[in-house]
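Beneath this line is the structure, given in C-alpha cells, with notes to follow.
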C-alpha cells in the first residue's frame, strides 16, 4: 500500500453533521469537509484492519513510484501525492 500519498479521512457522522448545519444556512458554494489530521493510505489501511480485527493480512508500505502505473500517469498521480483538502471556508463561517 502506498505510504507517500497523504489524505484526511473523514468520519461519516462528522460529515453528516456539517452538511446538516450548512443546509440550514443561506451559504452556497463548494465546501470541502474534512476532519483534522492526516495519514497515508498505508496507515489508513492498517487502521481499518485493526478496527475490523482482520488478521493474517500483510500490508507492505511502498512508494508511489514503485507502482507500474506511475510512469504512465505521473502527472495525474502527482496531484494525489499530497491530496489533503482544506475546509477553511467552512471553518471561517463556523468557528
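In the working numbering, the protein residues as written are -5 to 89.
Cβ atoms here follow ideal geometry from the backbone N, Cα and C, with glycine treated the same way.
Nothing here was measured: the structure is a model prediction, and the numbers come from that model.
Taking C-alpha positions only, residue 1 is separated from residue 41 by approximately 14 Å. For a cut-off of 8 Å, the C-beta gap from residue 48 to residue -3 is around 19 Å, too long to register as a contact. The residue from 52, 27 and 28 with its alpha-carbon nearest to that of residue 39 is 52. The three-state secondary structure of residue 34, taken from DSSP, is strand. About 15 Å separates the CB atoms of residue 54 and residue -1; that is not less than 8 Å, and the two are not in contact.
The continuous alpha helix (DSSP H) containing residue 16 extends over residues 6 to 17.
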